[in-house]
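So the sequence shown is numbered by the numbering used here: it starts at -18 and just counts up by one.
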Amino acid sequence: MMLVGLDSVQVNEGHTPPHVQYFHYKLRNVTEDMDNASSIDNRTELQKSYEGWVTITSSTSCIIGAAFNLLTTDRLSNSFRVISGHVTVLISLIPTVALTFIYTDYVQELFFWFSMFLAALASLGSTGLLGCGLLGYSARFPAVYMQAVMLGQSVAGILSSLLSIFCQAFTSNSLLNGRVFFIIATLWTLASAFVYIWLVRSPNTIIIMNSEDVQSSNVEQSRSLLLDADENTAYFTAIACFLLFNVGDAVGRLLFYAVPLEGRLLLMLSLSRFALVPLLLLCNVYPRSHSETLFHNDAIFILLMALFALSNGLFFTSASVSATRKVDEDLRELTGSLIGMVAMVSSLMGSIFGALLVMVV
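What follows is the structure, given as structure tokens:
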């Protein structure tokens, strides 16, 4: 379960800020000195708008994929939906790899919008179909299997961040950097598809699905829940933001059984996370045009990011597992799919809210 879950978000990470160096190179000002092409002061409009557009576009396609997965839960088999997700991801990755070999300096706007389309397609397949489909499938098993899938999704983010760091350390050539990253992502997607096929056909899986122990285990766990830029900047962004967040998110998901949360307490703690947002904006973050930095020490930013990550993993896992344990067994796959769609909607809302905050700051 965990191995298959690794692919549900890993591919989409390649189009987002952890590995944005390649796209910034492709969208650079071709009349400027190559050493200054990606500096903060010389960014083109396409470079400045890339992160915002790819985040919103990807989030929207995730919602579409999650909604399709939800509406077809009873009409299409889980295997069909998950394999379709793998195929969709591969369809997006093949031209993405090809573009790393193609000279696009004089068609940057076309490259920009085509990259948006490919990012949306990757998100539709990886997070919308594959990720939500796996959540629905794992909800039919005891809670530990669903936790494994969610942990795998978190570990995927860690691996993507580490791969991005490796590519930056491996070569200073932005084109080669992106090429290596997306080729590895393609191979990983193929491996994930084979692992999923093996999983659903595994004798152990069939035995668990047909075992009466599944229902009794679910009841016991339900009762338990009721009771209980430049190179340095590029490295800092990859490590202090994305690697740290994904590691913290994974740790939070592992803490699920150690820190059981549900009901009113979980809701209040989730709402309390909003208090961290203004503190994060007062840290040493750029670009900013309308406010001053209050916390110049980057350790404060790292601490806040770690709190966001831990709470995200713990709260999301607690809410998801609790919800699937409290419905009838025949509704659990549908509930798991619904959780995936709600997660995509909240991600889109957060992306829009974040883009607005950047304008305010």
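Every residue gets a Cβ at the ideal spot worked out from N, C-alpha and C, and that includes glycine.
Phe175, DSSP secondary structure in three states: Within the sequence shown, residue 175 is the residue found at index 194, counting from 1. If DSSP states are grouped into helix, strand and coil, Phe175 belongs with the helices.
With a 10 Å radius around its C-beta and 16 neighbouring C-beta atoms as the bar for buried, classify Leu102 as buried or exposed. Here residue 102 refers to the residue found at position 121 of the sequence shown. With 16 or more Cβ atoms within 10 Å of its Cβ, Leu102 is classed as buried.
Tell me which same chain residues have a C-beta within less than 6 Å of the C-beta of Gly159, skipping the five on either side of it? Your numbering for residue 159 matches position 178 in the sequence shown. Tyr3 and Thr81, listed in sequence order.
As a quick exercise: from Gly233, Leu263, Tyr126 and Gly106, pick the residue whose alpha carbon is nearest that of Phe297. The residue given as residue 297 occupies position 316 in the sequence shown. Comparing Cα positions, the closest option is Gly233.
From the DSSP secondary-structure annotation, give me the bridge partner or partners of Phe276. Residue 276 sits at position 295 when you count from the first residue of the sequence shown. Cys264, per the DSSP bridge assignment.
Contact under 8 Å by Cβ, Tyr118 with Asn59: Counting from 1 along the sequence shown, the entry for residue 118 is found at position 137. Counting from 1 along the sequence shown, the entry for residue 59 is found at position 78. Going by C-beta atoms, Tyr118 is nearer than 8 Å to Asn59.
Return helix, strand or coil for Lys307, following the three-state DSSP convention. Sequence index remark: in the sequence shown, residue 307 carries index 326 (1-based). Three-state result, Lys307: coil.
In whole angstroms, what is the alpha-carbon distance linking Gly334 and Val302? Position 353 of the sequence shown, counted from the first residue, corresponds to residue 334. Position 321 of the sequence shown, counted from the first residue, corresponds to residue 302. The sequence shown places Phe at residue 334, rather than the Gly named in the question. Between Phe334 and Val302, the C-alpha separation is close to 27 Å.
For Thr54, which of helix, strand or coil comes out of DSSP? Within the sequence shown, numbered from 1, the residue matching residue 54 stands at position 73. Thr54 falls in the coil class under three-state DSSP.
Go ahead and pull the three-state DSSP assignment for Ala290. The residue given as residue 290 occupies position 309 in the sequence shown. If DSSP states are grouped into helix, strand and coil, Ala290 belongs with the helices.
Exposure of Met286, with buried meaning 16 or more beta-carbon neighbours within 10 Å: Sequence index remark: in the sequence shown, residue 286 carries index 305 (1-based). Under this definition Met286 is a buried residue.
Extent of the continuous alpha helix (DSSP H) to which Val68 belongs: The count along the sequence shown starts at 1 and reaches residue 68 at position 87. Unbroken alpha helix (DSSP H) run through Val68: Asn59 to Leu80.
Supposed close pair Leu74, Thr167 - CB separation, criterion 8 Å: As a first step, residue 74 is located in the sequence shown; it is residue number 93 there, counting from the start. As a first step, residue 167 is located in the sequence shown; it is residue number 186 there, counting from the start. Rounded, the Cβ-Cβ distance is 5 Å, consistent with contact.
Rounded distance between the beta-carbons of Leu319 and Leu51, thought under 8 Å: Locating residue 51 in the sequence shown gives position 70, counting from the first residue. Locating residue 319 in the sequence shown gives position 338, counting from the first residue. Yes, they are in contact, since the Cβ atoms of Leu51 and Leu319 sit about 6 Å apart, within 8 Å.
Using C-beta distances below 8 Å, list every residue in its chain close to Ile164, excluding the 5 sequence neighbours before and after it, in chain order. Working through the sequence shown from its first residue, we reach residue 164 at position 183. Same-chain partners within the cutoff: Val78.
Which one of Ser40, Glu26 and Phe255 has the shortest CA to CA distance from Ser327? To locate residue 327, count along the sequence shown from 1; it is residue 346. Per the Cα distances, Ser40.
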